[in-house]
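Read the structure below first, then the notes.
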Amino acid sequence: MATDKSNMQLVVNGILNENPIFRLVLSMCPAVGISTTVMNGFMLGVAVLFVQVFSSCTIALFKNKIHPRIRIPTYTLTIATWVTVIDLVLAAYLPEAYARMGIFIKLIVAFAIITMRLEMFACKESVNASFWDGIGMGLGFMFGMMALGLVRELLGLGTILGYDVLGFKPLLFFVLPFAGFFCVGLMMAFFNYIEIVYKRAKRA
Amino acid sequence: MKTILTIIFRLTVSCLLAGAVMGAAFVMTSKAKKHNEHVKEQKVMLNLLGYSEKNPAPASLGMHALYRYIVTEGEALSMGYLVPLADEGRGGFAFVAIDLDGNFLARHPVTIAEEEAREADAREQAILSVLGPGRTIRYADQTIIVTDGEKRMAYLLPGKFPGFKTFIKVMMAVDPAYGILGLEIMEHEEDPGLGGEIVQDYFKNQFKGKAFDTIRKLDVVKTPLPGDYLQALEAGKRGGLGAEEVAKIQEQYKDNDIYALTGATISSRSVTSGVKGMVRKFSYRIAILDRVLAEQHIAVPF
Numbered sequence: 002m003a004t005d006k007s008n009m010q011l012v013v014n015g016i017l018n019e020n021p022i023f024r025l026v027l028s029m030c031p032a033v034g035i036s037t038t039v040m041n042g043f044m045l046g047v048a049v050l051f052v053q054v055f056s057s058c059t060i061a062l063f064k065n066k067i068h069p070r071i072r073i074p075t076y077t078l079t080i081a082t083w084v085t086v087i088d089l090v091l092a093a094y095l096p097e098a099y100a101r102m103g104i105f106i107k108l109i110v111a112f113a114i115i116t117m118r119l120e121m122f123a124c125k126e127s128v129n130a131s132f133w134d135g136i137g138m139g140l141g142f143m144f145g146m147m148a149l150g151l152v153r154e155l156l157g158l159g160t161i162l163g164y165d166v167l168g169f170k171p172l173l174f175f176v177l178p179f180a181g182f183f184c185v186g187l188m189m190a191f192f193n194y195i196e197i198v199y200k201r202a203k204r205a
Numbered sequence: 028m029k030t031i032l033t034i035i036f037r038l039t040v041s042c043l044l045a046g047a048v049m050g051a052a053f054v055m056t057s058k059a060k061k062h063n064e065h066v067k068e069q070k071v072m073l074n075l076l077g078y079s080e081k082n083p084a085p086a087s088l089g090m091h092a093l094y095r096y097i098v099t100e101g102e103a104l105s106m107g108y109l110v111p112l113a114d115e116g117r118g119g120f121a122f123v124a125i126d127l128d129g130n131f132l133a134r135h136p137v138t139i140a141e142e143e144a145r146e147a148d149a150r151e152q153a154i155l156s157v158l159g160p161g162r163t164i165r166y167a168d169q170t171i172i173v174t175d176g177e178k179r180m181a182y183l184l185p186g187k188f189p190g191f192k193t194f195i196k197v198m199m200a201v202d203p204a205y206g207i208l209g210l211e212i213m214e215h216e217e218d219p220g221l222g223g224e225i226v227q228d229y230f231k232n233q234f235k236g237k238a239f240d241t242i243r244k245l246d247v248v249k250t251p252l253p254g255d256y257l258q259a260l261e262a263g264k265r266g267g268l269g270a271e272e273v274a275k276i277q278e279q280y281k282d283n284d285i286y287a288l289t290g291a292t293i294s295s296r297s298v299t300s301g302v303k304g305m306v307r308k309f310s311y312r313i314a315i316l317d318r319v320l321a322e323q324h325i326a327v328p329f
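These protein sequences, in sequence, are chains X and B. Quick note on the numbering used here: the first sequence kicks off at 2 and runs consecutively. Quick note on the numbering used here: the second sequence kicks off at 28 and runs consecutively.
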């Protein structure tokens with residue numbers, strides 16, 4: 002069963018129609034816990050993008066060799082391997098980037114979105130399609146995290162990307178973990194609303 | 028039965044493959060990673076002492092590493108220091124054993140090159156070979172004594188203590204009176220955005236300039252960080268305040284407790300009590316070592 006979508010459609014699909022955070026509601030732990038600033042969201046997004054693309058391609062490449070009964074352990078193993086490799090390579094060759102991203106990369110092993118994408122997509126599709134799907138999901142995750150980070154950073158700390166824009170801290174509780182739930186819920190409702198309005202406008 | 032065997036076989040192969048990939052990545056990157064860590068450590072040390080690219084360290088600056096070991100002989104425990112010797116250009120090291128009451132036990136000459144002494148394994152081998160059989164050693168910590176000519180300028184204390192999740196690795200610079208010159212967080216796995224904020228200037232710079240007496244009774248308070256103090260703490264990053272103003276504000280707050288990070292009281296407490304413990308233990312250990320070195324007339328370059 003090969004997908005009939007073009008590469009571009011796969012990427013857009015990951016960002017909009019099947020956005021990991023607002024549509025698939027996966028990987029809520031980082032969405033709630035770490036999306037406190039735009040920069041955090043961006044860093045984690047980049048890290049997820051890499052791991053997702055590499056893991057998707059690996060699974061797509063070996064999909065015929067994986068015994069269906071042991072799919073999950075194999076996925077976990079693949080993800081853990083890529084996370085370790087990326088962690089080591091960054092630490093060795095890009096120490097500057099590693100200093101900022103190191104703590105995020107190690108978190109990725111247990112992300113639901115990556116395993117789910119391997120299960121739903123990569124184990125059935127070609128390497129090419131999986132690559133673009135990985136890109137789309139990574140970008141979609143990054144977009145979701147940065148959107149959440151923007152709202153939480155602005156409302157919680159009064160800053161954007163660390164620059165003071167408001168000059169005061171309106172609602173400090175927005176950077177605390179529990180506010181992540183409010184934020185995800187409200188933004189999910191917001192995106193659903195936009196979709197309804199958009200569809201209505203299209204019909205009319 | 029056949030299915031089970033297939034599953035076992037495939038899973039084993041996958042694990043071996045994954046292991047091979049990770050192992051290969053580790054082998055290829057370990058040298059560069061070690062090098063990066065060494066470079067970073069050197070940079071952090073000089074930064075903590077107040078030197079930067081604009082204000083390079085003088086050539087007379089000397090850094091002497093001191094390694095502390097716990098020696099076990101049967102049930103008995105004692106402590107040992109690997110100290111560099113100042114033998115008129117000959118150099119070399121000595122392993123000075125001290126019992127738990129602070130009395131001198133023995134002195135063993137250790138022949139090891141300076142570069143080798145930096146490698147943990149080579150160092151341990153050299154020490155074990157002079158101690159003789161029946162004794163085991165365990166690495167405890169390291170101190171770097173910074174000298175400018177004859178005078179002791181500062182101590183650099185690398186160390187680690189438990190944080191919220193795992194160990195927090197730090198590097199601290201203290202002056203000869205054990206007041207803190209600076210604190211740098213080297214490695215940690217606190218929660219990003221919460222405990223992870225310990226690396227920020229507005230937290231770690233609070234330790235700067237605390238005198239030994241203040242450190243001994245240092246506590247964490249959960250009141251908001253005052254605005255002027257925040258500005259002074261972040262002066263290096265934001266600018267805006269002159270050096271004099273920063274010094275004035277620092278002076279005003281130097282006897283205060285540590286202001287906890289919002290949402291990360293445990294991380295704040297761990298760092299505070301960790302720093303407290305490191306400084307306090309170091310102060311009496313170095314006093315004992317200095318006394319022993321003086322009593323035994325062991326010439327050291329610091």
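Each residue gets a CB set at the ideal place from its N, CA and C atoms; glycine is no exception. Model, not experiment: these values are computed from the prediction.
Asked: Return the residue from the list K187/B, K29/B, A144/B and V201/B that minimises the CA-CA distance to F120/B.; Found: A144/B
Asked: For a contact meaning CB atoms closer than 8 Å, what does V86/X contact in chain B?; Found: V48, M49 and A52
Asked: Using only the alpha-carbon positions, how far apart do M332/B and N63/B sit?; Found: Examination of residue 332/B is not possible in this model, given that chain B is present from 28 through 329 alone.
Asked: Thinking just about the alpha-carbon of each residue, which of A167/B, L210/B and T99/B is nearest to the one in G159/B?; Found: T99/B
Asked: DSSP puts M199/B in a beta bridge; with which residues?; Found: L184/B and L210/B
Asked: Going by other Cβ atoms of all chains shown within 10 Å of its Cβ, with 16 needed for buried, is M121/X buried or exposed?; Found: exposed
Asked: Between A123/X and A61/X, how many whole angstroms is the CB-CB distance? I'm expecting something under 8 Å.; Found: 5 Å
Asked: With burial defined as no fewer than 16 other Cβ atoms inside 10 Å of the residue's Cβ, what is the status of D282/B: buried or exposed?; Found: exposed
Asked: Looking at the strands, I want to know which residues DSSP matches up with L288/B.; Found: A291/B
Asked: Give me the Cβ distance between G159/X and G168/X, rounded to the nearest whole Å; I'm assuming they're in contact under 8 Å.; Found: 7 Å
Asked: Between the Cα of G89/B and those of R134/B, T39/B, F36/B and R179/B, spot the shortest distance and give me the residue it belongs to.; Found: R179/B
Asked: Give the list of continuous alpha helix (DSSP H) stretches no shorter than 4 residues that lie fully inside the region 10 to 71 of chain X.; Found: 29 to 34 and 39 to 63
Asked: Can you find a CB in chain B that lies within less than 8 Å of the CB of Y76/X?; Found: no
Asked: Label T56/B either buried or exposed according to how many other C-beta atoms from any shown protein chain fall within 10 Å of its C-beta, with 16 as the threshold for buried.; Found: buried
Asked: Kindly indicate which residue of T33/B, I125/B and A326/B has the alpha-carbon position closest to the one of I71/X.; Found: T33/B
Asked: Would you check if the distance between the CB atom of T75/X and the CB atom of I67/X is smaller than 8 Å?; Found: yes
Asked: Among N14/X, N18/X, P178/X and T4/X, whose alpha-carbon lies nearest the alpha-carbon of E196/X?; Found: N18/X
Asked: Pairing CB atoms from the region 186 to 204 of chain B with CB atoms from the region 129 to 137 of chain B, are three or more of them under 8 Å?; Found: no
Asked: Could you work out which residues of chain X lie near K60/B, taking near to mean beta carbons separated by less than 8 Å?; Found: L89, A92 and A93
Asked: Which stretch, first to last residue, makes up the beta strand (DSSP E) that contains F120/B?; Found: F120 to I125
Asked: For H215/B, write down the residues that DSSP places opposite it in a beta bridge.; Found: DSSP, once it has assigned bridges, lists no residue as partnering H215/B.
Asked: Could you say which of I106/X, F23/X, M102/X and G15/X lies nearest to G1/X if we only look at CA atoms?; Found: Residue 1/X lies beyond the residue range present for chain X, which begins at 2 and ends at 205; the question has no answer from this structure.
Asked: For the putative contact between I97/B and A167/B, defined by C-beta atoms under 8 Å, what is the C-beta separation to the nearest angstrom?; Found: 5 Å
Asked: Starting from S156/B, follow the alpha helix (DSSP H) in both directions and report where the run begins and ends.; Found: A147 to L158
Asked: Taking 8 Å as the CB-CB cut-off, is T160/X touching chain B?; Found: no
Asked: Taking L288/B as the reference, which of E278/B, Y280/B and T299/B has the closest Cα?; Found: T299/B
Asked: When the Cα of F105/X is compared with those of G137/X, G42/X, L25/X and T79/X, which residue comes out closest?; Found: G42/X
Asked: Are the C-beta of R72/X and some C-beta of chain B separated by less than 8 Å?; Found: no
Asked: For the candidate residues K303/B, E271/B and G190/B, whose alpha-carbon lies nearest to that of A238/B?; Found: K303/B
Asked: May I ask you to report which of helix, strand or coil DSSP gives E142/B?; Found: helix
Asked: Could you give the uninterrupted runs of the alpha helix (DSSP H) lying entirely in the region 239 to 320 of chain B, keeping only those of 4 residues or more?; Found: 239 to 243, 254 to 260, 262 to 265 and 270 to 280
Asked: For V173/B and L183/B, which I take to be in contact (beta-carbon distance under 8 Å), what is that distance rounded to the nearest angstrom?; Found: 6 Å
Asked: Taking Cβ positions only, does V128/X come closer than 8 Å to chain B?; Found: no
Asked: For Y78/B, which of helix, strand or coil comes out of DSSP?; Found: coil
Asked: Ignoring anything shorter than 4 residues or poking outside the region 59 to 140 of chain X, list the alpha helix (DSSP H) runs there in chain order.; Found: 72 to 94, 96 to 106 and 113 to 118
Asked: Check whether chain X comes within 8 Å of A45/B, counting only Cβ atoms and requiring the distance to be less than that.; Found: yes
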